[in-house]
Amino acid sequence: MEIVVFGAGSLGSLIGGLLTRAHDVTLVGREPHISAVRKQGLRVTGEVETTVHPDARTEPLESADLAVVTVKAFDTATAARALSDCALDACLSLQNGLCEATLAEHLDAPVLAGICTYGARRREPGVVACTGVGTVALGPRGGGQSDTADRVGKAFDAAGIEIEVATDMPRRLWEKLAVNAGINAVTALSRVENGALLDGPAESVAHAAARETARVARAAGIDLSDERAAAAVERVAAATAANRSSMLQDVTAGRRTEVDAIVGVVADAEQSTPVNETTAALLRTWEAERSLR
Ligand code: KPL
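The numbering used here puts the first residue of the sequence shown at 6, with every later residue one more than the last.
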C-alpha cells in the first residue's frame with residue numbers, strides 16, 4: 006500500500022517507520038528531520054529497534070492509497086487543505102481531539118478515526134524512540150463497520166502493528182478526550198508526570214474533568230458514563246505513570262498546546278463544566294501571554 010504520513014513528529018515518525026516494514030511510506034514533516042531521514046534513513050530505537058528507509062519530504066504527494074494524519078490538532082485544517090490536492094482512497098486520523106470532521110470537510114476520501122497508544126519520542130533528526138508498544142484502534146468516524154476500515158486494519162497488521170478494528174469509535178474518541186482533559190491539562194498546569202495524579206491531591210480534579218467530559222459526550226448522544234470516564238483516567242495514569250503528557254511537554258518547551266481541541270471542547274460546550282472552564286482559561290492565558298495563540 007502507498008501510505009503518506011502527514012505530520013512526521015514523534016508519533017508520525019514512529020508509526021510511519023513501523024509501516025515502512027510492509028508498505029511504501031512517505032513521511033511529510035519539517036526540517037531538519039526530513040533531510041536526515043532522506044540521508045541516513047529513519048532509526049527507530051527503544052522498544053522496537055530498526056532502521057527503515059521511507060521517502061521523506063516537506064510537501065504532500067499527488068496521490069496515495071492512505072493518508073495517516075498525525076499533526077497537532079490545531080494544524081488539522083492546514084493539513085486537510087494540503088491533502089485535498091492529493092488523490093486518496095482513505096484517510097486515518099491518529100490525533101488528539103475530535104479532528105475527523107475537519108479532515109472530512111476538505112477530503113473526498115472516507116476519513117477513519119484512530120486512537121494510538123504507542124509511546125514515541127523524537128531523539129534527534131532521523132531518530133525516533135518507541136517508548137512503549139501499544140495498540141492502534143481504528144474504525145469509521147461515525148461508528149459501525151466499513152470495508153475501508155478493514156483494509157486499513159489489515160495494512161497495519163501486515164506491518165506488525167498491534168491493531169484493533171473497532172465499530173464504536175465515537176465512544177472511544179470521547180473516552181480518550183476525557184482522559185486527555187483529565188491528565189494532559191492537570192499535568193501541564195501542575196508540571197508533574199502522569200503517575201502523580203494517582204492518589205495525589207490533583208486526582209479529584211482530573212476525575213472531575215473526565216466526568217464533565219462524559220456529561221458533554223452524553224449530550225452529544227454518546228454512551229459514556231461518568232464512572233467509565235473517571236476509571237479511564239485512573240487506568241491510563243497508572244499505565245503511563247512515568248510519562249510526561251504531550252501537553253506538559255508542550256508547556257515545558259514553550260510551544261502552543263492542544264488546549265482548544267481537548268479541554269476547550271468541554272469548556273466551550275453549553276453545559277456548565279467548571280473544572281474544564283478553569284483549566285482551559287489558565288492554559289489559554291499562558292498561551293496568550295507568550296503570543297502563542
Ligand atoms: O495521550 C496522552 C498524551 O500525553 O497526549 C496520554 C495518554 C495522557 C499519555 O501521556
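C-beta atoms are modelled at their ideal positions from N, C-alpha and C, and glycine is treated no differently.
What you are looking at is a predicted structure, and each value in this text was computed from that prediction instead of being measured.
What residue from V10, E7, I8 and R26 has the CA that sits closest to G165's CA?
Here residue 165 corresponds to residue number 160 of the sequence shown, with the count starting at 1. Of the candidates V10, E7, I8 and R26, the one whose C-alpha sits nearest the C-alpha of G165 is R26.
Straight-line Cα distance separating Q150 from G144
On the sequence shown, residue 144 is found 139 positions in, with the first residue counted as 1. On the sequence shown, residue 150 is found 145 positions in, with the first residue counted as 1. Those two C-alpha atoms are separated by around 7 Å.
Skipping 5 residues on each side, what residues in its chain have a beta carbon closer than 7 Å to that of D228?
Locating residue 228 in the sequence shown gives position 223, counting from the first residue. Taken in chain order, the residues that qualify are R176.
In terms of DSSP beta bridges, what is C96 paired with?
Here residue 96 is taken as the residue at index 91 of the sequence shown, counted from 1. Answer by DSSP bridge pairing, in chain order: A72 and V116.
At the level of alpha carbons, what is the spacing between E62 and L16?
Position 57 of the sequence shown, counted from the first residue, corresponds to residue 62. Position 11 of the sequence shown, counted from the first residue, corresponds to residue 16. Per the sequence shown, the amino acid found at residue 62 is Arg instead of Glu. Linking R62 to L16 through their CA atoms gives a straight-line distance of about 17 Å.
Within 8 Å, strictly: CB atoms of A211 and V191:
As a working note, residue 211 is residue 206 in the sequence shown. As a working note, residue 191 is residue 186 in the sequence shown. For A211 and V191, yes; Cβs fall inside 8 Å.
What do you reckon, is the C-beta of T245 under 7 Å from a heavy atom of the ligand KPL?
Looking up residue 245 in the sequence shown gives position 240. Yes, the Cβ of T245 comes within 7 Å of a heavy atom of the ligand KPL.
One question on the structure: do C135 and V49 come within less than 8 Å of each other, judged by their Cβ atoms?
Position 130 of the sequence shown, counted from the start, is the residue given in the question as residue 135. Position 44 of the sequence shown, counted from the start, is the residue given in the question as residue 49. Yes, the pair counts as a contact, with Cβ atoms nearer than the cut-off.
Check: V157 C-beta below 7 Å from any heavy atom of the ligand KPL
Position 152 of the sequence shown, counting from 1, holds the residue named residue 157. Result no, Cβ not under 7 Å from the ligand KPL.
Any idea if P65 is buried or exposed, counting beta-carbon neighbours within 10 angstroms, 16 or more meaning buried?
Sequence index remark: in the sequence shown, residue 65 carries index 60 (1-based). So P65 ends up on the buried side.
When you measure from the CB of V141 to every non-hydrogen atom of the ligand KPL, does any distance come out below 7 Å?
In the sequence shown, the residue the question calls residue 141 occupies position 136. Because no heavy atom of the ligand KPL lies under 7 Å away, the Cβ of V141 does not count as near it: no.
Starting from the Cα of R146, find the closest Cα among D70, T172 and R127 and give me that residue.
The sequence position of residue 146 within the sequence shown is 141, counting from 1. Checked all of D70, T172 and R127; the closest Cα to R146 is T172.
Can L112 and S98 be called in contact, C-beta distance under 8 Å?
As a working mapping, residue 112 is identified with position 107 in the sequence shown. As a working mapping, residue 98 is identified with position 93 in the sequence shown. It is not a contact, given that the beta carbons lie outside the stated cut-off.
Using the C-alpha atoms, what's the distance from G187 back to P279?
As a working note, residue 279 is residue 274 in the sequence shown. As a working note, residue 187 is residue 182 in the sequence shown. Roughly 13 Å separates the two Cα atoms.
In the DSSP assignment, find the unbroken alpha helix (DSSP H) run with G5 in it and report its ends.
The chain is shown from 6 up to 298; residue 5 falls before or after that span and cannot be answered.
Continuous beta strand (DSSP E) stretch holding L229: start and end
Walking along the sequence shown from the start, residue 229 turns up at place 224. Premise fails: L229 is in no beta strand (DSSP E) and is neither H nor E.
Contact set for A114: own chain, Cβ-Cβ below 7 Å, skip 5 residues either direction:
Against the sequence shown, residue 114 aligns to sequence position 109. These residues qualify, in order along the chain: L93, D94, A95 and C96.
Inter-residue spacing [alpha-carbon to alpha-carbon] between G269 and E54
Within the sequence shown, residue 269 is the residue found at index 264, counting from 1. Within the sequence shown, residue 54 is the residue found at index 49, counting from 1. In a straight line, the C-alpha of G269 is about 37 Å away from that of E54.
Thinking C-beta only, is V73 closer than 8 Å to I20?
Here residue 20 is taken as the residue at index 15 of the sequence shown, counted from 1. Here residue 73 is taken as the residue at index 68 of the sequence shown, counted from 1. The answer is yes: Cβ separation under 8 Å.
Can you tell me where the beta strand (DSSP E) holding A142 begins and where it ends?
For this step, residue 142 is matched to residue 137 along the sequence shown. Unbroken beta strand (DSSP E) run through A142: V141 to P145.
Just how far apart, CA to CA, sit G124 and Q276?
Here residue 124 is taken as the residue at index 119 of the sequence shown, counted from 1. Here residue 276 is taken as the residue at index 271 of the sequence shown, counted from 1. In a straight line, the C-alpha of G124 is about 33 Å away from that of Q276.
Going by beta-carbon coordinates alone, are S18 and V133 separated by less than 8 Å?
Along the sequence shown, one-based indexing puts residue 18 at 13. Along the sequence shown, one-based indexing puts residue 133 at 128. Yes, Cβ-Cβ distance for S18 and V133 is below 8 Å.
Name the DSSP beta bridge partners of V138, please?
Position 133 of the sequence shown, counted from the start, is the residue given in the question as residue 138. In the DSSP output, where bridge partners are listed per residue, V138 has none listed.
For N248, is the beta carbon positioned less than 7 Å from some heavy atom of the ligand KPL?
Residue 248 sits at position 243 when you count from the first residue of the sequence shown. N248: yes, Cβ under 7 Å from the ligand KPL.
Can you list, in chain order, the residues of its chain with a C-beta nearer than 8 Å to that of D255? Leave out the 5 residues immediately preceding and following it.
What you label residue 255 is simply residue 250 of the sequence shown in a count that begins at 1. Contacts found: A193, R261, T262 and E263.
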